[in-house]
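Visitor:
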Amino acid sequence: MNTGDESLSLHRRKIYISSVERSSHKKSKGFKVSARKLASRLQKLPPKADGAERFSYQVCDNLVWSLRYHNVDFLCLLKMLQMEGITKWDLGSCRTYYSVEPYEKFQEEENIDGGLVPRLQDELWKAQSRIKELETEKIGSKENGIRNQRISWEENTDSLFDYLKEKLSKEREERKRANAENSMLKKKVLEMESTANRLRRERDTLEKVCEELVTRIDELKVETRRIWNETEEERQMLQMAEMWREERVRVKLTDAKLSLQEKYEEMTWFVDELEKGLEMVREVGGVEVMMRLRRGELLIKKARSLEDAANDIDFEKFKFVSDDDN
C-alpha cells in the first residue's frame, strides 16, 4: 500500500512540475511564479503513508531543478510570494484562507536547502495572517456598509414614512372634503329629484288643465259660432224690420206732409176769405164792427206769420233716424 501511494504521489508531482514548466514557457519575457498557485499546489500534495506532514525529496528536488533551470533566485521568489500574498489573494472566497491549513508543517529533507521550507512556511503564515486581516477588514467593511445602508435605509424609510403619513393625512382630508361634497351633492340631487317630480306633477296637472281648456274652448267656439249665426240672423231680421219701419215712417211723413200742405192751402184760402170779409166790413163801419175788425186783423197777422214760418220749412230735409244711429 505504501509503495502504491508513493508512486501515485510521485506521478502527481511530475504532473505538477510539467504544468509549471508549461506555464513558464508561455511567458515570453522573464519567469513569473504565482504565490497563490504555488501555495495551492503545495496544499494539494498528499502526505506520505506514515502520516508525516512534509515534502517529499523527489518533489523538492524537481522543484529546485526547475527553478535553477529557469535561473530564478530564491530571494526574488520569496519577495514575489510576499507581494502576491498581499495583492492577488481572492478575498471573495473563504477557500482561499482554508486552502492553506495552519497546522501543516514541513520537515526538511537531508539534501534540500534548510532555509527554503521555513521561509516558505513563514511566507505562508504571513499570507495567511494577511488573508485573515483582509477577511476581517472585508467583514468589517461589509458590516459598516450594511450598517450605513441600514442607517440610510432607516432615514429614507423615516422620510418616506413621514411623506406617506403626510400624504395619507392629505388624502384623509381630501376624502373628508370629498365625502362632504358628496353628501352636499346627494342632498342637491335629492332636492333636484323632488323638484323634478313636483314639476313633472305640475306639468301633468297643467297638461290636463290645458286639455280641459282646449276642450272647453272648442265647445265655446262651437257655441260662439252658433250664437254668432243666430245673432247674424237676428241682425238681418232687425235690419229688415228697421227698413220696413223706416219705410213706414217715410210713408207716414209723406202723408203728414201732404195733409199739412192741404191744411196750409185751406188756411191760406181761409185767410184770403177773411181779408175779403174784413174789407167788406170796413166799408160798412160801426163801433162793434170795428172791434171785430181789429180782432180779425190780429188773426190775419198770426196766420201770415204762420204762413211765413211754413214757407221757411223744407219738407225735403225730413228723414227717418233709427235708434242705432243715435
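For the sequence shown, the working numbering begins at 1257 and goes up steadily by one.
Just so it is clear, CB atoms sit at the ideal spot from N, CA and C, and this is done for glycine as well.
On a predicted model such as this, the values are computed, not experimentally measured, just so you know.
1. Can you tell me whether Q1405 is buried or exposed? The criterion is at least 16 other CB atoms within 10 Å of its CB, across all chains shown.
2. Buried or exposed: which applies to I1384, given that a residue is buried once 16 or more other Cβ atoms fall within 10 Å of its Cβ?
3. Between the alpha carbons of R1431 and E1437, how many angstroms are there, rounded?
4. Assuming L1555 and L1530 make a contact with CB atoms under 8 Å, what is their CB distance in whole Å?
5. Buried or exposed: E1427, going by 16 or more other Cβ atoms within 10 Å of its Cβ?
6. Measure from the alpha carbon of K1532 to the alpha carbon of each residue in A1512, E1553 and K1519, then state which is nearest.
7. If you draw a straight line from the alpha carbon of K1464 to that of E1488, how long is it in whole angstroms?
8. Note down the Cα distance separating M1448 from D1474, rounded to an integer number of angstroms.
Guide: The short version:
1. Position 149 of the sequence shown, counted from the start, is the residue given in the question as residue 1405. By the 10 Å Cβ count, Q1405 comes out exposed.
2. By one-based count along the sequence shown, residue 1384 stands at place 128. Looking at the sequence itself, residue 1384 is Gln, so the reference to Ile does not match. Buried, since its Cβ has 16 or more Cβ neighbours within 10 Å.
3. For the purposes of this step, residue 1431 is taken as residue 175 along the sequence shown, with counting starting at 1. For the purposes of this step, residue 1437 is taken as residue 181 along the sequence shown, with counting starting at 1. In a straight line, the C-alpha of R1431 is about 10 Å away from that of E1437.
4. Along the sequence shown, one-based indexing puts residue 1555 at 299. Along the sequence shown, one-based indexing puts residue 1530 at 274. That pair is a contact at about 7 Å.
5. To locate residue 1427, count along the sequence shown from 1; it is residue 171. Result: exposed.
6. In the sequence shown, counting from the first residue as 1, residue 1532 sits at position 276. Among A1512, E1553 and K1519, the Cα nearest to that of K1532 is on E1553.
7. The residue labelled residue 1464 in the question sits at position 208 within the sequence shown. The residue labelled residue 1488 in the question sits at position 232 within the sequence shown. Each residue's alpha carbon lies about 35 Å from the other.
8. For the purposes of this step, residue 1448 is taken as residue 192 along the sequence shown, with counting starting at 1. For the purposes of this step, residue 1474 is taken as residue 218 along the sequence shown, with counting starting at 1. Approximately 37 Å, taken between the alpha carbons.
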